[in-house]
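For the sequence shown, the positions run 1 to 236 when UniProt numbering is used.
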Amino acid sequence: MNDTNSLLLGVSGALLFGLIIGAVNGYLTAYAGINSLIVTLGTMFIMRGGVYLYTGQRAIPDDASLDSFIALSDGRLFNIIPYSAVIAIVLLAVFAYMMRHRPFGRQIYAVGGNPEVARLAGYDVRRVKFICFIISSLLATVAGIILAARVGSAQHTAGLNFEFQVVAATVLGGVSLAGGIGSLTGMALGVLILQFLSNGLRGLGLPTEWQLVITGMIIIAAVAFDEAKRRRAQGD
Numbered sequence: 001m002n003d004t005n006s007l008l009l010g011v012s013g014a015l016l017f018g019l020i021i022g023a024v025n026g027y028l029t030a031y032a033g034i035n036s037l038i039v040t041l042g043t044m045f046i047m048r049g050g051v052y053l054y055t056g057q058r059a060i061p062d063d064a065s066l067d068s069f070i071a072l073s074d075g076r077l078f079n080i081i082p083y084s085a086v087i088a089i090v091l092l093a094v095f096a097y098m099m100r101h102r103p104f105g106r107q108i109y110a111v112g113g114n115p116e117v118a119r120l121a122g123y124d125v126r127r128v129k130f131i132c133f134i135i136s137s138l139l140a141t142v143a144g145i146i147l148a149a150r151v152g153s154a155q156h157t158a159g160l161n162f163e164f165q166v167v168a169a170t171v172l173g174g175v176s177l178a179g180g181i182g183s184l185t186g187m188a189l190g191v192l193i194l195q196f197l198s199n200g201l202r203g204l205g206l207p208t209e210w211q212l213v214i215t216g217m218i219i220i221a222a223v224a225f226d227e228a229k230r231r232r233a234q235g236d
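See below:
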């Protein structure tokens with residue numbers, strides 16, 4: 001974007017890069033059979049190290065200062081709703097509809113619940129997993145673009161520890177780590193709960209260290225509750 005003064009080219013380049021990463025992760029997991037947690041953690045460290053090497057651990061400023069890019073963080077629809085929130089709401093609505101009303105959404109639930117049963121039902125399990133990795137990576141890219149617009153630069157430390165907040169938010173929203181259970185609306189509610197909690201802790205003047213401690217405790221408690229609920233369901 002800095003080189004071309006084009007938001008379209010900058011965003012397109014970022015999305016293309018995100019698509020490639022998602023495709024690599026999806027292939028290694030779905031077709032090569034490598035554990036998804038290992039693949040995604042390994043890719044995260046590779047990408048993070050690559051960013052450190054490329055940037056020299058310095059922020060890349062927004063030299064283009066495009067109004068359209070700044071609007072992603074500061075602009076508001078009807079001077080009320082931030083454009084970043086509009087993007088999030090639209091994406092949430094689209095994917096919530098897909099998960100509930102489209103065949104591919106039902107395939108995702110089936111594969112997440114029991115891949116072997118899904119395979120016997122005629123679903124292409126590897127294809128479903130592969131596509132999900134691409135979608136996840138593209139959505140993470142969109143979030144990164146909005147974050148870069150908000151801070152006004154590309155920060156090499158951006159996104160640190162976000163993965164733990166994601167786990168906490170999704171489990172709080174009723175999504176099972178075992179797969180096959182949960183909804184995007186519940187996940188969105190979990191995000192709001194975690195954000196309200198974070199804002200409340202900051203409002204109380206608690207230092208960052210204690211915020212991390214409390215967030216970690218919430219993650220453990222949420223996962224323990226999810227596991228207990230899953231075992232109870234299996235017992236029933």
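All residues carry an ideal CB built from backbone N, CA and C; glycine is no exception.
Inter-residue Cα distance where the pair is residue i and residue j
i           : j      : result
Gly159      : Asp124 : 33 Å
Ala14       : Gly112 : 28 Å
residue 238 : Asn79  : Given a span of 1 to 236 for the chain in the structure shown, any question on residue 238 remains unanswerable.
Thr43       : Ala228 : 31 Å
residue 242 : Val39  : The structure shown has nothing for residue 242, since the chain only spans 1 to 236.
Ala71       : Ile135 : 25 Å
Val128      : Glu116 : 13 Å
Val213      : Ala149 : 29 Å
Ile60       : Gly26  : 29 Å
Arg106      : Gly122 : 13 Å
residue 237 : Leu41  : Because the chain here runs from 1 to 236, residue 237 falls outside it and cannot be looked at.
Gly203      : Trp210 : 13 Å
Phe104      : Leu206 : 44 Å
Val94       : Asn2   : 31 Å
Arg58       : Ala224 : 39 Å
Ser198      : Leu37  : 26 Å
Arg119      : Ala96  : 24 Å
Gly50       : Ile108 : 32 Å
Gly75       : Gly144 : 17 Å
Ala85       : Asp226 : 29 Å
Whole-angstrom C-beta distance between residue j and residue i, which should lie under 8 Å
i      : j      : result
Phe69  : Asp62  : 7 Å
Gly173 : Gly186 : 4 Å
Ala169 : Val191 : 4 Å
Leu19  : Ser137 : 7 Å
Phe133 : Thr29  : 6 Å
DSSP three-state assignment for residue i, whether helix, strand or coil
i      : result
Arg202 : helix
Arg232 : helix
Ile89  : helix
Ser84  : helix
Arg102 : coil
Ala178 : coil
Leu160 : coil
Ala154 : strand
Nearest neighbour of residue i, chosen from the options [CA to CA]
i      : options                       : result
Ile87  : Asn35, Phe104, Arg126, Ile146 : Ile146
Ser176 : Ile131, Asn114, Leu201, Met47 : Asn114
Gln155 : Arg48, Phe130, Ala221, Leu8   : Arg48
The ligand GDP heavy atom lying under 6 Å from the CB of residue i
i     : result
Ala32 : The ligand content of the structure shown is nil, which means the ligand GDP is not present either.
Could you tell me which whole alpha helix (DSSP H) segments of length 4 or greater appear in the region 12 to 68?
36 to 55
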